[in-house]
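Step one of this worksheet: look at the structure below.
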Amino acid sequence: MANRYAATYAQWQADPSAFWAEAAGAIDWFRAPAIAFDGERGVYGHWFPDGEANTCYNCVDRHVAAGRADQPALIYDSPVTGRKRHFTYAEMLAEVQAIAAVLTDLGVARGDRVIIYMPMVPEAVFSMLACARIGAVHSIVFGGFAANELATRIDDCRAKIVITASCGIEPGRVVAYKPLLDAAIEIAAHKPERCLMLQRPELEAPLVSGRDVDFTAAVARAKQGGLTVSCVSLRATDPLYVLYTSGTTGQPKGVLRDNGGHMVALAWSMKHFYGVQPGEVFWAASDIGWVVGHSYIVYGPLLNGNTTVLYEGKPVGTPDAGAYWRVIEEHRVSVLFTAPTAFRAIRKEDPSGSLIPKYDVSSLRALFLAGERADPDTLQWAEKVLQVPVIDHWWQTETGWPMAGNPLGLGLLPVKHGSPTVPLPGYAIDVLDDAGHPVAPGTLGNIVVKLPLPPGCLPTFWNADDRFRATCLAEFPGYYKTADAGYIDEDGYIFIMARTDDIINVAGHRLSTGAMEEVCASHPDVAECAVIGIADAVKGQIPAGFLVLNSGVSRESSLIEREVVALVRERIGPVAALKTVVCVKRLPKTRSGKILRGTMQKIADRQEWRMPATIDDPAILDEIREALATRGIGA
């Protein structure tokens, strides 16, 4: 079965247009595309330019029409509130129809932008689909985002309305959204016409007269009136959503996703990469505020006719490190997709995996990890405690679906720990030096993807073609710059070692912080770690390591620090020059679990820095500053 990958990749290489035209057959089109790819349109071309379809129709209506009306479409599991709800495809259709009717009544039309600023509740998913149904462009902003960050997104997309909730629920606290939203609208130059407010019982919010509309009451009226809203026929190239990522200039980048190519790519990936069949339960333990939530909580599973899990909780603390195993048992999850940081958190609290035997996790066929580099130690721990394939894969907000991974649906290839395995069809991946020349196998360099990008990837940034060209295409002509660094070995396996910003230059030697982190994480007492480069007058840069230890470790931290320094010297060599290692309680992360190495580096180098908009807990940066100060580093 493993040979299916080689044959499938070769089929794509031989005729990309024919390959994706065949894949487009998995989608119901209102007007089937006669042209697979037009390289003369857009920044680098457009997929299925003459096709017409609707994403909501393909996610919901067609399954109801095909006899899946009574199959569960969405399972809402909220340990932070104690609520659970199941929605069949028919019930989901009724909810989406009603919200679409409310949006239409509020004057939202095809092409209008709608910001969705909500927690992980079913109404958020239904609102995304309702926007897709009527051709409105949704932009999800992570619930609880700071007011100024929300304001920049309101201004950039010129949102007509905002759909929000009164609050979000975190372990041990309630986060009021309304004050943040009101402040954002006050700051924004562009003023949304209306705000649709879902009141949660944990904390209700006062409504602004003439602007705010009660979500539940409006949807109930639409249902009582029996209002139905047909799916709008959209061009495949029409925008489905804009998802903002933090830009290096402070101005957020609006990653644009089209309708047609997005559906084709996600449908292909669900079957051939994730290997799930219609009717199975697929759980992406992420948040709809991130691209993983867009692609694999909402659109991918529903396009494929799966049951998707919407989880309002954490991997630990809701209530303990067995939270994921409880969800798998209760809902008979077939495939789980989460970030490596979630498993590092579980391992830190339960190093031996002692909570797993308390649950029946026999339904789980595979675990997929992505969102950041999966260090081999965490991956091997997951393999050991779960006894299922653990599949590292690599992709970005910009691509919308995996660039490289071990394809469960095509037959797994041999595993090389530390590598997300091989490129998927659609992606011709090369490694170049800074001058744009190919490097030899095993040589660290810039990872790039030959143009054109496949269906599902961004065609451009929202209203910013020139910025897209300058940011992603200009440095290596003919390629998309991933801004990731790594290498490809003699067998064609890809190794993603760090963001290019995290490659440090120690006395003329280019070194990967990811390689050093891999060694640090191999120490049996280390739960997770981060290595950054800090300025040095003699060597240019030197590495500094931060370790978070497993729960229950009683050994002196200074001893562990010395052991880690010795490990790096032994496995990478003295050239690594790792001498500064410090144990900390926590690492600063985004709310999606990515470690904020760049901010840590700026603190260490006494450079000006901004509080990252996506940071999970700002207080952790004070802890990092204090830890560095104990070693005479930073402010």
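Each residue of the sequence shown is one higher than the one before, counting from 1 in full-length UniProt numbering. We treat Cβ as the ideally placed atom computed from N, Cα and C, and that holds for glycine. The structure displayed is predicted, hence computed values, not measured ones.
Just how far apart, CA to CA, sit residue i and residue j?
i           : j      : result
LEU103      : ASN58  : 20 Å
GLY411      : ARG365 : 13 Å
ARG221      : VAL60  : 22 Å
SER363      : GLU123 : 28 Å
LEU180      : ILE187 : 11 Å
ALA577      : ALA100 : 59 Å
LEU198      : ALA98  : 14 Å
TYR274      : ALA183 : 41 Å
GLU398      : LEU559 : 42 Å
GLY82       : ARG332 : 19 Å
LEU243      : PRO252 : 9 Å
ARG62       : ILE27  : 10 Å
ARG133      : LYS191 : 24 Å
THR341      : GLY225 : 46 Å
ARG597      : PRO33  : 44 Å
residue 639 : ARG469 : Residue 639 is absent from the structure shown; the chain starts at 1 and stops at 635.
PRO201      : LEU74  : 22 Å
ALA345      : TRP290 : 19 Å
TRP268      : GLN277 : 12 Å
residue 636 : HIS437 : Residue 636 lies beyond the stretch modelled for the chain, which goes from 1 to 635, so this question has no answer here.
SER209      : LEU150 : 21 Å
THR599      : ASN505 : 18 Å
LEU432      : VAL448 : 7 Å
TRP381      : ASP212 : 49 Å
In terms of residue numbering, what span does the beta strand (DSSP E) encompassing residue i cover?
i      : result
ASN505 : 503–506
GLY545 : 540–549
CYS195 : 194–198
PHE282 : 281–284
PHE126 : Here PHE126 belongs to no beta strand (DSSP E); instead the alpha helix (DSSP H) covers 122–134.
PHE495 : 494–499
ASN446 : 445–450
LEU243 : 239–245
GLU40  : Note, GLU40: premise wrong, no beta strand (DSSP E); not H, not E.
Determine, using beta carbons only, whether residue i and residue j come nearer to each other than 9 Å.
i      : j      : result
VAL108 : LEU129 : no
ASP525 : ARG555 : yes
ILE494 : PRO407 : no
ARG373 : ILE496 : yes
ALA527 : PRO315 : no
VAL422 : GLY405 : yes
LEU240 : HIS138 : yes
GLY260 : ALA24  : yes
ASP392 : GLU518 : no
ARG158 : VAL141 : no
PHE19  : ILE35  : no
TYR76  : VAL114 : no
ILE585 : ASP489 : The sequence shown places Lys at residue 585, not Ile. No, the pair does not count as a contact, with Cβ atoms beyond the cut-off.
ILE356 : TRP401 : no
At what residues does the alpha helix (DSSP H) containing residue i begin and finish?
i      : result
TRP20  : 16–23
LYS178 : 178–187
PRO72  : From DSSP, PRO72 is part of no alpha helix (DSSP H) but of the beta strand (DSSP E) over 72–78.
ASP377 : 376–386
LYS602 : 597–604
Near residue i, which residues of its chain fall below 7 Å by C-beta distance, leaving aside the five closest residues on each side in sequence?
i           : result
VAL175      : GLY144, CYS167, GLY168
PRO618      : MET611
LYS178      : SER166, ALA205
ALA189      : ASP155
ALA7        : none
THR245      : PRO252, LYS253, VAL255, THR397
residue 655 : For residue 655 there is no data in the structure shown, the boundaries of the chain being 1 and 635.
Residues in its own chain within less than 6 Å of residue i by CB, not counting five upstream and five downstream?
i      : result
PHE30  : GLU52, ALA53, SER233
GLU215 : Reading the sequence as shown, one finds Phe at residue 215 and not Glu. The residues are LEU196, MET197, LEU198.
ASP112 : ALA136, LYS160
LYS594 : GLU372
GLY42  : PRO459
HIS294 : none
For residue i, which residues in the same chain have their Cβ closer than 8 Å to its Cβ, ignoring the five residues on either side in sequence?
i           : result
residue 637 : The question about residue 637 has no answer, for the chain in this structure spans 1 to 635.
THR248      : Because THR248 sits at a pLDDT of 46, beneath the cut-off of 50, its placement in the model cannot be relied upon, and the following sentence gives the value as read from the coordinates. Around THR248: no qualifying Cβ.
ALA146      : LEU180, ALA613
VAL388      : LEU364, ARG365, ALA366, LEU367
GLU563      : HIS523
GLN11       : PHE19, PRO425
Do residue i and the ligand MN come close, with the Cβ less than 8 Å from some heavy atom?
i     : result
PHE19 : The model depicted lacks the ligand MN and carries no ligand whatsoever.
Practice item. Decide if the region 274–284 is in contact with the region 332–341; the criterion is three or more beta carbon pairs, one per stretch, under 8 Å apart. Key: A contact exists between the region 274–284 and the region 332–341.
Three or more C-beta pairs under 8 Å: does that hold for the region 15–23 against the region 227–236? No contact exists between the region 15–23 and the region 227–236.
I want to know whether the region 257–276 touches the region 444–458 - three or more CB-CB distances under 8 Å. Touching, per the Cβ criterion.
With a threshold of 8 Å, are at least 3 pairs of Cβ atoms found where one atom belongs to the region 315–325 and the other to the region 83–93? Verdict: no, contact absent.
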